[in-house]
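A.B. asks: Residues 1311 to 2252 in the working numbering are what the sequence shown spells out, letter by letter.
Positions of the beta carbon are idealized from the N, C-alpha and C atoms, including for glycine.
Let me begin by handing over the structure; questions about it come next.
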Amino acid sequence: MQRTPKAAIIVALLLVSLIPLSVQAGDSGGVQSSAAQLSLTPQNPVMGGSVDIEVGLYNSAQSDAFNVQVAFYKNSISTQNRLLQDEITIAGEAFTTVSVTWNGLTEGVQKVWFEFSAGGDIPVQFNEEFTVQGLPNLRVDSASVDQSQPVYSGDVIDFSALVLNSGTVDAAGSNLLLSVPESADVILATPALTAGSSAWVNTTIIAPSSGIHLIEATPDIDNSIYEASETGKTETVQLVVSSRMDLSFKDDLTVVSDPEALEGPWMISGTIVRTNGTGPANIPMVLEINNPLGGVVMGAPFSVQIMGTGYAEQPFSAELNSSTIGSLPDGDHVVTARINPFGESGFEQESTDNDEASGLLTISPIPDVNVDPPLCTSCTVQSGDDVEWRITVTNTGDKAVRGYIEYTFDGINGQSPQITLADGEILTWTVSLPTNLGEHEALFTGNWVAAVGSWDDNKQNSKFSTSAQVESKLKLSWEYASLSVVDADNERAASPLQDGAAYTLSINMTSKETGSANFSCDDGSGNILSTMSTTVAVRGDRVSLSCTFTATAAMTTIRFIPEETSIADLFTMSFATMAAADAADDSTSSDAGTMTLFGIGALILVGILVAAVLLTREREEEVERDIFDYCPACDGELEGTEDRCPHCSFNLKKARSQFHDCHECGESIPDLLDNCAYCGAEQDVSSFFERRERKERKETVKEMVALPEEEDEDRIVTGTQNFAETVKEFGFDEEHLEEEWDANIEAAEAEVEAAYDRRHADEVALEDMTEEEIEEYKSQVVTTLKSSRDESPDHDLDAILASKGELRSLDKDDGELSASDASIRERLFEITGEEGVLPGEKVTVGMTLTDSALAGNEVAEATANFTFDDDDDLPLSGSTKTAEEQREDAKSRKPVRRRSARQRKKDEAEKEVSNPIAECGACGADLPPEADECGTCGARFG
């Protein structure tokens, strides 16, 4: 049975849901329901059927109720009896309905439980009882077929079936269906049956073909009785049918002919098979061919003799010639061999369905070219696009042919290259052809033209005609720059519009392709103001749409709606509209009040904006300061990319990574920020960095100095004119002394250069470095941490002095050490590692004097040897070069003219003495000499 429609019940439930719930309704988290809101469909369910259960829920709160838990149970609240468990959302102050279906009802009193909870509140539970009615239940208790004698195909046999009502309710009369293989279904009447009673239904059936078959009996086939169960009703009986003699063909027929003989003869051969036969028999046969032009072409009848018992085979053959089948057209034909075509007696068989066998007989045709209707890959294209055509040609003959395809497409004529088709060949030629502009149907016609010396038997099947659909899909786009609104005097409308005044809105549209389009103009509420149509005949033309409307306060909306959304988009435009001064209705007053509130709000916002501008306005000096970056230590201008201030050598790279806590909000912010990024509080940037004096760059004025005149190197500037004679008294030679002085001067110059290189090693190294290497070099910091060697006790001064044994001190009253304190001085030299002359020690002065008249001079020898070797090492110097390298450099270097050292100005010397400055060894910052910590990098000095 079909379910009763539930539309009326659902409508009734919705009407009931509109009635406010009584005070007895269960409430959980603001969601209310009770048993009164539970409905059953149908009201009187039956056994084996189903019932639809629906419950209405109401959310009494104004807010939505999320995650409301609902559940249905059958008979009792338990997991195994749960019908449905779900989680729903109920809108504020709204009703909703949940439902479930209970299938497979059992007879008797049943109970359905419903449980819900919302917002974590205590669940609410209620139930509803209902009664399930009993039903009749018809089934075939037993069935039988008479097989006391062997049954052959076509025999009539008896069949009986016992129908039982096993239900609890009486059953009316019904029909029983009897299904017999290879026969039509039989409908048998079944009498009315009381609960628990049964009745026999009898009939006869025709035995099917040999084999084992199943016969089925099904009660109440029309479903006229609503039963408790529709399963287990059918009863099946097995029927065994014995086999008769049967004739058939082993395989299909074979047709053989001479390939060169277009008119035959054709030899047809095959094999006939007999099963369950006894003795010899002459089997009558005939060959038949269905004529496509109508009728059947039949060959002369013949017979095939077969012998043997049981299974037997017998080959046979027959001939057909042109006189027999001359009326057939050229091509392939099916030739059929039929057994006992005239129905002679004595040849009763198990089945006659297998009494035919077929083969293919081919009558070679005169070569003919068949052209199939052309196919297009896309038969609907836009105007101007190409259409790809595929034309298939077939040579239906046995000989090769030649020719070409001649065609006309959309007014364009053409032909294909010459095509050669072998016998039976199928070829597809593809060509792409352009279409004309505009929407139209492009015709494509043509035919196959045989080449000279070739064949085409039927020229009618060599022609073709088809078409392609060329679309010109119109597409319009709104040209917003052309939008205009004019009043009734055709003057440009002023904003806002006036309530009740008539205006006309116009706008242009640009087009793609050609075609027509319809538009409607409405006021945004579905009220059609006007309709209009436009046609584009030439690609790219512009069209104009206009709509006259009456403005309504406080907002007027105009829409242009295209009839086809694929042609254009929806156009919507809204205009602010001012209400008329004499309007006095409630709606106008309300709109005026709204506009007044909007105006007051706008004035307040403008005031806030002006105040913000005034409060955040910057003075000229602040604006100028924002243009550049400034050093936080000396306020020197920066370009923003320096890592060290060029004015005071302040370490900017390290300063950018310093942070402090904001004094207002406590957030950590960079020291260089003037205002807190979180609360906007001003920050005293200068308090986080040491104040430095900016070094003013002095422009160096180059003075023009005249080159001195070439001096006479032989002119004696100082000394005595008889220098050579004087030095001879000391045992020297003037020439040797000059060479020694030159060598010493060169060595001294080398030492000065080495000292300069050492002093300015950092600047020299920076000249050959890249920017990355310079940045890495400057980021190196000399820390004040002590090494393990410094921490060693042996490195301590007290430890060193203690290791020297007994110590003696020199008090203030003792004065300085004298010659009599030689032992103390010697001990002091031993401790400090210094070298000195002790009292009583011999001292050898640089060169030996022969004058013994000088006091304290002890002449060791009266002669002196002033000779020296040129290979002797030069005097020691601070250079890292070897003596040999220094000698080579001295020889190759030109003499350098010496100049006197520049005397420092008195004020510079006094300034340097009055303002002594030290330098941080870590970051290079200038510090007072007494500083014990660097304010820039934080390095501490021990």
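The beta strand (DSSP E) spanning His1957 covers which residue range?
C.D. replies: Mapped onto the sequence shown, residue 1957 falls at position 647. Looking at the DSSP string, His1957 is not in any beta strand (DSSP E), and its letter there is neither H nor E.
A.B. asks: With distance defined between alpha-carbon atoms, name the residue in Thr1585, Ile1400, Ser1567 nearest to Arg1554.
C.D. replies: Here residue 1554 refers to the residue found at position 244 of the sequence shown. Comparing Cα positions, the closest option is Thr1585.
A.B. asks: State the beta-bridge partners of Gln1379 as determined by DSSP.
C.D. replies: Locating residue 1379 in the sequence shown gives position 69, counting from the first residue. According to DSSP, Gln1379 bridges with Glu1397, Ser1427.
A.B. asks: Looking only at DSSP bridge pairs, what is Pro1460 linked to?
C.D. replies: On the sequence shown, residue 1460 is found 150 positions in, with the first residue counted as 1. Pro1460 pairs with nothing; no bridge assigned.
A.B. asks: Would DSSP call Tyr1621 helix, strand or coil?
C.D. replies: In the sequence shown, residue 1621 corresponds to position 311, counting from 1. Tyr1621: strand per DSSP, three-state reduction.
A.B. asks: Whole angstroms is fine: what's the gap from Leu1753's alpha carbon to Gly1721's?
C.D. replies: Here residue 1753 corresponds to residue number 443 of the sequence shown, with the count starting at 1. Here residue 1721 corresponds to residue number 411 of the sequence shown, with the count starting at 1. The alpha-carbon atoms of Leu1753 and Gly1721 are separated by roughly 8 Å.
A.B. asks: Tell me, please, whether the segment 1787-1807 touches the segment 1826-1837 by the rule of three or more beta-carbon pairs shorter than 8 Å.
C.D. replies: no
A.B. asks: Since I believe Val1341 is in contact with Val1408 (beta carbons under 8 Å), could you give me their beta-carbon distance rounded to a whole number of angstroms?
C.D. replies: Indexing the sequence shown from 1 puts residue 1408 at position 98. Indexing the sequence shown from 1 puts residue 1341 at position 31. Actually they are not in contact, since the Cβ atoms of Val1408 and Val1341 sit about 11 Å apart, beyond 8 Å.
A.B. asks: Helix or strand or just coil, what does DSSP make of Asn1650?
C.D. replies: By one-based count along the sequence shown, residue 1650 stands at place 340. Looking at Asn1650 - three-state DSSP - the assignment turns out to be coil, as it is neither helix nor strand.
A.B. asks: With three or more beta-carbon pairs closer than 8 Å as the criterion, would you say the segment 1746-1761 touches the segment 1711-1719?
C.D. replies: yes
A.B. asks: Would you say Asp1809 and Ala1889 are within 8 Å of each other, going by their C-beta atoms?
C.D. replies: In the sequence shown, residue 1809 corresponds to position 499, counting from 1. In the sequence shown, residue 1889 corresponds to position 579, counting from 1. The answer is yes: Cβ separation under 8 Å.
A.B. asks: Checking 8 Å against the spacing of the C-beta atoms, do Val1419 and Thr1399 come in under that value?
C.D. replies: The residue you call residue 1419 lines up with position 109 of the sequence shown. The residue you call residue 1399 lines up with position 89 of the sequence shown. Not a contact, by the Cβ cut-off of 8 Å.
A.B. asks: Is the beta carbon of Asp1456 sitting closer than 8 Å to the one on Leu1472?
C.D. replies: Counting from one through the sequence shown, the residue named residue 1456 turns up at place 146. Counting from one through the sequence shown, the residue named residue 1472 turns up at place 162. In this structure, Leu1472 does not lie closer than 8 Å to Asp1456 by Cβ.
A.B. asks: Roughly how many angstroms lie between the CA atoms of Phe1426 and Gly1542, to the nearest whole one?
C.D. replies: As a first step, residue 1426 must be located in the sequence shown, where it is residue number 116. As a first step, residue 1542 must be located in the sequence shown, where it is residue number 232. About 40 Å.
A.B. asks: Count the other CB atoms within 10 Å of the CB of Arg2207; is the residue buried (16 or more) or exposed (fewer)?
C.D. replies: The sequence position of residue 2207 within the sequence shown is 897, counting from 1. Any reading at Arg2207 must be qualified, since the residue scores a pLDDT of 41, below 50, and its modelled position is unreliable; the value itself is stated next. With fewer than 16 other Cβ atoms within 10 Å, it is exposed.
A.B. asks: Measure the Cβ-Cβ separation of Asp1682 and Thr1702 and say whether it is below 8 Å.
C.D. replies: Residue numbering aside, residue 1682 sits at position 372 when the sequence shown is read from its first letter. Residue numbering aside, residue 1702 sits at position 392 when the sequence shown is read from its first letter. Their beta carbons are under 8 Å apart, which means Asp1682 touches Thr1702 by this criterion.
A.B. asks: Would you decide whether Leu1962 is buried or exposed? Buried here means 16 or more other CB atoms lie within 10 Å of its CB.
C.D. replies: Locating residue 1962 in the sequence shown gives position 652, where the first residue counts as 1. Buried, since its Cβ has 16 or more Cβ neighbours within 10 Å.
A.B. asks: Quick check: the Cα distance between Asp1337 and Ser1343, rounded to an integer number of angstroms?
C.D. replies: Counting from one through the sequence shown, the residue named residue 1337 turns up at place 27. Counting from one through the sequence shown, the residue named residue 1343 turns up at place 33. The alpha-carbon atoms of Asp1337 and Ser1343 are separated by roughly 7 Å.
A.B. asks: Please determine if the segment 1904-1923 and the segment 1835-1842 are in contact, where contact requires at least 3 C-beta pairs separated by less than 8 Å.
C.D. replies: no
A.B. asks: Looking at the structure shown, is Glu2082 part of a helix, part of a strand, or coil, going by DSSP?
C.D. replies: Position 772 of the sequence shown holds residue 2082. Note: Glu2082 maps to helix in three-state DSSP.
A.B. asks: With the cut-off set at 8 Å, would you say Val1780 and Gly1669 are in Cβ contact?
C.D. replies: As a working mapping, residue 1780 is identified with position 470 in the sequence shown. As a working mapping, residue 1669 is identified with position 359 in the sequence shown. Not in contact: Val1780 and Gly1669 (Cβ atoms no closer than 8 Å).
A.B. asks: What whole-angstrom Cβ distance do Leu1563 and Val1607 have, given they're in contact under 8 Å?
C.D. replies: Along the sequence shown, read from residue 1 onward, the residue named residue 1563 stands at position 253. Along the sequence shown, read from residue 1 onward, the residue named residue 1607 stands at position 297. About 15 Å separates the Cβ atoms of Leu1563 and Val1607, ruling out a contact at the 8 Å cut-off.
A.B. asks: Suppose the cutoff is 8 Å on Cβ atoms and the five residues either side in sequence are ignored; what does the same chain contact list for Tyr1988 look like?
C.D. replies: Taking the sequence shown and counting its residues from 1, one reaches residue 1988 at position 678. Cys1972, Cys1975, Glu1977, Ile1979, listed in sequence order.
A.B. asks: If you run the structure through DSSP and keep just helix, strand and coil, what is His2046?
C.D. replies: Locating residue 2046 in the sequence shown gives position 736, counting from the first residue. Three-state result, His2046: helix.
A.B. asks: Can you tell me whether Ile1580 is buried or exposed, with buried defined as 16 or more other CB within 10 angstroms of its CB?
C.D. replies: As a position in the sequence shown, residue 1580 is number 270, starting the count at 1. At residue 1580 the sequence reads Gly, which differs from the Ile that was named. Flag for Gly1580 reads buried.
A.B. asks: Can you give me the C-alpha to C-alpha distance between Leu1630 and Ile1676, rounded to a whole angstrom?
C.D. replies: The residue given as residue 1630 occupies position 320 in the sequence shown. The residue given as residue 1676 occupies position 366 in the sequence shown. One C-alpha to the other measures close to 21 Å.
A.B. asks: Could you give the C-beta distance for Gly1358 and Gly1414, rounded to a whole number, given that I count them as a contact under 8 Å?
C.D. replies: As a position in the sequence shown, residue 1358 is number 48, starting the count at 1. As a position in the sequence shown, residue 1414 is number 104, starting the count at 1. About 7 Å separates the two Cβ atoms, so the contact holds.
A.B. asks: So, helix, strand or coil for Val1365, using DSSP?
C.D. replies: Here residue 1365 corresponds to residue number 55 of the sequence shown, with the count starting at 1. Three-state result, Val1365: strand.
A.B. asks: To the nearest angstrom, report how far apart Asp1396 and Gln1443 are at their CA atoms.
C.D. replies: Within the sequence shown, numbered from 1, the residue matching residue 1396 stands at position 86. Within the sequence shown, numbered from 1, the residue matching residue 1443 stands at position 133. About 30 Å.
A.B. asks: Could you check if Glu1654 is buried or exposed, using at least 16 other CB atoms within 10 Å of its CB as the buried criterion?
C.D. replies: In the sequence shown, residue 1654 corresponds to position 344, counting from 1. Exposed, because fewer than 16 other Cβ atoms sit within 10 Å of the Cβ of Glu1654.
A.B. asks: In whole angstroms, give me the CA-to-CA distance for Ala1622 and Ile1467.
C.D. replies: Here the question's residue 1622 lines up with position 312 in the sequence shown. Here the question's residue 1467 lines up with position 157 in the sequence shown. Roughly 31 Å separates the two Cα atoms.
A.B. asks: Whole-angstrom Cβ separation of Leu1807 and Ile1877, contact assumed at under 8 Å?
C.D. replies: Residue mapping note: residue 1807 aligns to position 497 of the sequence shown, counting from 1. Residue mapping note: residue 1877 aligns to position 567 of the sequence shown, counting from 1. With 8 Å as the limit, Leu1807 and Ile1877 do not qualify as a contact, their Cβ atoms being about 29 Å apart.
A.B. asks: Where does Arg2137 fall in DSSP's three states?
C.D. replies: Counting from 1 along the sequence shown, the entry for residue 2137 is found at position 827. Helix at Arg2137.
A.B. asks: Under a Cβ-count criterion, where at least 16 other Cβ atoms within 10 Å of its own Cβ denotes burial, should Lys2221 be classed as buried or exposed?
C.D. replies: Along the sequence shown, one-based indexing puts residue 2221 at 911. Unreliable positioning characterises Lys2221 in this predicted model, as indicated by a pLDDT of 46, which lies under 50. The coordinate reading is nonetheless provided below. Exposed, since its Cβ has fewer than 16 Cβ neighbours within 10 Å.
A.B. asks: Given this structure, state the Cα-to-Cα distance separating Trp2051 from Asp2067, to the nearest angstrom.
C.D. replies: Position 741 of the sequence shown, counting from 1, holds the residue named residue 2051. Position 757 of the sequence shown, counting from 1, holds the residue named residue 2067. Taking the straight line joining both Cα atoms gives about 24 Å.
A.B. asks: What separation, rounded to the nearest whole angstrom, lies between the Cα atoms of Thr1867 and Thr1858?
C.D. replies: For this step, residue 1867 is matched to residue 557 along the sequence shown. For this step, residue 1858 is matched to residue 548 along the sequence shown. Those two C-alpha atoms are separated by around 12 Å.
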